[in-house]
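Visitor:
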Amino acid sequence: MVRILYFAKLREDLGKGGEEIELPAGVATVAALRAHLVARGGAWAAALAQGKSVRVAVNHDMAEPTTPIKPGDEVAFFPPVTGG
Amino acid sequence: MVRILYFAKLREDLGKGGEEIELPAGVATVAALRAHLVARGGAWAAALAQGKSVRVAVNHDMAEPTTPIKPGDEVAFFPPVTGG
Amino acid sequence: MPTIRVQTEDFDAGAETARLRAGDPKVGAVASFVGVCRDVNEGDAVTTMTLEHYPGMTEKALAKIVDEAMARWRVVDVTVIHRVGELRPADQIVLVAVAGAHRGEAFAACEFIMDYLKTRAPFWKKEQTPQGARWVDARAGDDEAAARWGADEKNAA
Amino acid sequence: MPTIRVQTEDFDAGAETARLRAGDPKVGAVASFVGVCRDVNEGDAVTTMTLEHYPGMTEKALAKIVDEAMARWRVVDVTVIHRVGELRPADQIVLVAVAGAHRGEAFAACEFIMDYLKTRAPFWKKEQTPQGARWVDARAGDDEAAARWGADEKNAA
Numbered sequence: 033m034v035r036i037l038y039f040a041k042l043r044e045d046l047g048k049g050g051e052e053i054e055l056p057a058g059v060a061t062v063a064a065l066r067a068h069l070v071a072r073g074g075a076w077a078a079a080l081a082q083g084k085s086v087r088v089a090v091n092h093d094m095a096e097p098t099t100p101i102k103p104g105d106e107v108a109f110f111p112p113v114t115g116g
Numbered sequence: 033m034v035r036i037l038y039f040a041k042l043r044e045d046l047g048k049g050g051e052e053i054e055l056p057a058g059v060a061t062v063a064a065l066r067a068h069l070v071a072r073g074g075a076w077a078a079a080l081a082q083g084k085s086v087r088v089a090v091n092h093d094m095a096e097p098t099t100p101i102k103p104g105d106e107v108a109f110f111p112p113v114t115g116g
Numbered sequence: 701m702p703t704i705r706v707q708t709e710d711f712d713a714g715a716e717t718a719r720l721r722a723g724d725p726k727v728g729a730v731a732s733f734v735g736v737c738r739d740v741n742e743g744d745a746v747t748t749m750t751l752e753h754y755p756g757m758t759e760k761a762l763a764k765i766v767d768e769a770m771a772r773w774r775v776v777d778v779t780v781i782h783r784v785g786e787l788r789p790a791d792q793i794v795l796v797a798v799a800g801a802h803r804g805e806a807f808a809a810c811e812f813i814m815d816y817l818k819t820r821a822p823f824w825k826k827e828q829t830p831q832g833a834r835w836v837d838a839r840a841g842d843d844e845a846a847a848r849w850g851a852d853e854k855n856a857a
Numbered sequence: 701m702p703t704i705r706v707q708t709e710d711f712d713a714g715a716e717t718a719r720l721r722a723g724d725p726k727v728g729a730v731a732s733f734v735g736v737c738r739d740v741n742e743g744d745a746v747t748t749m750t751l752e753h754y755p756g757m758t759e760k761a762l763a764k765i766v767d768e769a770m771a772r773w774r775v776v777d778v779t780v781i782h783r784v785g786e787l788r789p790a791d792q793i794v795l796v797a798v799a800g801a802h803r804g805e806a807f808a809a810c811e812f813i814m815d816y817l818k819t820r821a822p823f824w825k826k827e828q829t830p831q832g833a834r835w836v837d838a839r840a841g842d843d844e845a846a847a848r849w850g851a852d853e854k855n856a857a
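Pasting the structure below:
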């Protein structure tokens with residue numbers, strides 16, 4: 033299981049703040065997890081498609097597409113940050 | 033007449049905070065006034081000699097050796113500033 | 701020991717800055733920054749703003765930014781306070797205060813922390829305007845500001 | 701309208717900064733700096749410090765520096781307060797606070813004013829140490845700081 037969180041506009045567009053999913057076989061990086069979610073189609077494809085500005089954190093650290101993901105991780109998807 | 037002021041270490045070294053003097057003939061710049069004061073010898077030569085770090089303001093504006101001086105001006109000599 | 705807080709309440713910038721330097725007579729310089737909610741953004745009136753964040757990650761991200769600043773510059777101590785929740789124009793949003801022996805390093809560390817906070821700390825602003833609510837867009841200018849310090853990741857792009 | 705004061709009394713940096721931005725909801729950024737009297741300088745303990753200035757020129761020199769900053773950067777307002785007379789370690793010496801729409805310009809103007817103040821405003825520090833009284837020497841580093849903004853005159857040299 034990985035815990036996935038969504039924030040800000042992504043949370044609104046997807047209609048949820050988070051979920052827990054079983055990592056499918058072969059999904060072991062941020063890029064692969066994102067592609068897996070895009071494959072759901074609909075709002076998921078629209079919000080997370082390649083080219084959309086989406087930032088990802090794995091276990092509270094900013095991550096890259098190549099950052100590895102393993103069961104037990106917390107993975108957050110969110111728009112570019114706008115604090116300050 | 034010009035009004036001359038001395039500040040900080042210069043004031044202490046010269047033993048006075050200021051004086052009024054008649055501008056001698058030919059003394060029409062900051063450099064010429066400084067040379068005129070150095071010619072007094074003693075503490076004046078020691079404090080104001082060429083090569084000593086001395087800053088000058090004419091009528092409250094920072095001045096250069098070539099800045100003109102005329103009767104009625106206020107000319108201040110002081111060490112490099114150290115505020116803040 | 702840096703102070704890092706994420707809170708809904710307002711803060712007293714003067715008291716925080718005084719506390720930051722209290723007790724260390726080696727401090728000769730305190731540089732600080734307060735970010736304030738403006739009443740207009742991109743030409744539209746802003747009536748309220750809501751700041752969302754990522755509890756759990758936020759403090760950790762801020763601590764990392766502060767640690768990096770303290771590794772780059774010789775500073776004595778740092779305070780970062782960032783508000784979340786609903787804010788109104790003229791409300792304070794963020795305080796970054798840096799105490800150090802000398803001003804150059806205090807200024808640099810303070811501006812570095814703000815630039816990194818703007819591009820790496822998980823906060824998001826939503827504005828209420830007469831035209832409706834909208835999420836604030838990240839600015840390329842903030843990435844450029846962070847890039848001056850050597851940051852290569854982009855936030856806004 | 702800039703506020704420029706030279707005074708023996710202490711100041712409340714938080715209150716001054718709050719006042720600086722009050723009433724202008726276009727202000728999104730307040731950068732400020734407080735210089736503090738340290739208890740050590742060049743390896744020697746400092747028990748008290750006396751700040752001398754040039755009454756009549758001081759306010760004018762500060763106003764000129766602030767005007768130059770406001771011509772270079774789009775900022776809304778500036779406060780500069782500099783103390784004179786006798787100070788002790790941990791006492792505040794100077795406050796420079798700049799309010800603007802955006803942080804980059806507020807930071808730049810604030811640091812510019814401090815750098816120019818250190819090299820162009822007629823203040824002189826005399827320290828009391830266990831070894832006796834001494835006038836503080838100007839630092840070449842302060843000239844270098846001012847030179848970053850294009851200043852060509854040297855103060856310390």
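Chains as they are written, first to last, in the working numbering: chain A, 33 to 116; chain B, 33 to 116; chain C, 701 to 857; chain D, 701 to 857.
All residues carry an ideal CB built from backbone N, CA and C; glycine is no exception.
(1) Tell me which residues share the same chain as GLY728 (chain C) and place their Cβ nearer than 7 angstroms to its Cβ, disregarding the 5 neighbours each side in the sequence.
(2) So with CB distances below 8 angstroms, who are the chain B contacts of PRO830 (chain D)?
(3) Would you mind listing the beta strand (DSSP E) stretches within the segment 756–802 of chain C that are 3+ residues and don't spill past its ends, in chain order?
(4) Can you find the residues in the same chain that come closer than 7 angstroms, C-beta to C-beta, to GLU716 (chain C), ignoring five residues on each side of it along the sequence?
(5) Which whole runs of the alpha helix (DSSP H) in the segment 793–852 of chain C are 4 residues long or more, in chain order?
(6) Cβ closer than 8 angstroms: which chain B residues qualify as neighbours of PRO822 (chain D)?
(7) Output the boundary residues of the beta strand (DSSP E) element that contains HIS753 (chain C).
(8) Could you work out which residue in C:ASP843, C:THR703 and C:ASP744 is closest to LYS764 (chain C) when comparing CA atoms only?
(9) Between the alpha carbons of ASP739 (chain C) and PHE109 (chain B), how many angstroms are there, rounded?
(10) Out of curiosity, what's the CA-to-CA distance linking LYS760 (chain C) and VAL766 (chain D)?
(11) Between the segment 811–826 of chain D and the segment 99–107 of chain B, do at least 3 Cβ pairs fall closer than 8 angstroms?
(12) One question on the structure: do TYR827 (chain D) and ARG834 (chain D) come within less than 9 angstroms of each other, judged by their Cβ atoms?
(13) Does the segment 86–99 of chain A come close enough to the segment 35–53 of chain B to have 3 or more Cβ pairs within less than 8 angstroms?
(14) Assuming contact is defined by CB atoms lying nearer than 9 angstroms, are GLU752 (chain D) and TRP824 (chain D) in contact in what I supplied?
(15) Return yes when the C-beta of VAL107 (chain A) is under 8 angstroms from any heavy atom of the ligand SAH, and no when it is not.
(16) According to DSSP, what are the bridge partners of ALA731 (chain C)?
(17) Can you tell which of C:ALA713, C:VAL706, C:ASP712 and C:ALA745 has the C-alpha that lies nearest to the C-alpha of GLY832 (chain C)?
(18) Bridge partners of LEU37 (chain B), per DSSP?
(19) Should GLY49 (chain A) go down as buried or exposed, given a rule of 16 or more other Cβ atoms within 10 Å for buried?
(20) Per DSSP, MET701 (chain D) is paired with what?
(21) Do you know whose CA, among C:GLY785, C:GLU768 and C:GLU742, lies nearest TYR754 (chain C)'s CA?
(22) Against chain D, does ALA851 (chain C) count as a neighbour if the rule is that its beta carbon must be under 9 angstroms from one of theirs?
(23) Exposed or buried, PRO111 (chain B), counting other C-beta atoms within 10 Å across all chains shown (16 or more means buried)?
(24) Report yes if the C-beta distance between ALA95 (chain A) and ASP45 (chain A) is below 9 angstroms; otherwise report no.
(25) Quick one: is ALA771 (chain D) buried, meaning 16 or more other Cβ sit within 10 Å of its Cβ, or exposed?
(26) Report the residues of the segment 728–759 of chain D with a CB closer than 8 angstroms to any CB of chain B, ordered along the chain.
Guide: Concretely, from the data shown:
(1) Sequence-distant Cβ neighbours of GLY728 (chain C) in its own chain, meaning closer than 7 angstroms and more than five residues away, are ALA801 and HIS802.
(2) For the C-beta of PRO830 (chain D), not a single chain B residue is nearer than 8 angstroms; the gap to the nearest is close to 20 angstroms.
(3) 777–783, 785–787 and 792–800
(4) THR779, ILE781, LEU795 and ALA797
(5) 803–820 and 840–847, all fully within the segment 793–852 of chain C.
(6) Correct list: PHE39, ALA89, ALA108, PHE110, VAL113 and GLY115.
(7) 748–753
(8) It is C:THR703.
(9) 50 angstroms
(10) 39 angstroms
(11) The segment 811–826 of chain D vs the segment 99–107 of chain B: no contact.
(12) As written in the sequence, residue 827 (chain D) is Glu, which differs from the Tyr given in the question. A contact, by the Cβ cut-off of 9 angstroms.
(13) no
(14) yes
(15) By its list of ligands, the structure shown contains no ligand whatsoever, and the ligand SAH lies outside what it can speak to.
(16) DSSP output for ALA731 (chain C) lists C:VAL798 and D:PHE733 as bridge partner(s).
(17) Restricting attention to C:ALA713, C:VAL706, C:ASP712 and C:ALA745, the CA atom closest to the CA of GLY832 (chain C) is found in C:ALA745.
(18) LEU37 (chain B) is bridged to B:GLY50 and B:ALA108.
(19) It counts as exposed.
(20) Looking at the DSSP assignment, MET701 (chain D) forms no beta bridge with any residue, so it has no partner.
(21) C:GLY785
(22) no
(23) buried
(24) no
(25) exposed
(26) Under the 8 angstroms Cβ criterion, the segment 728–759 of chain D contributes GLY735, LEU751, GLU752, HIS753, TYR754, GLY756 and MET757.
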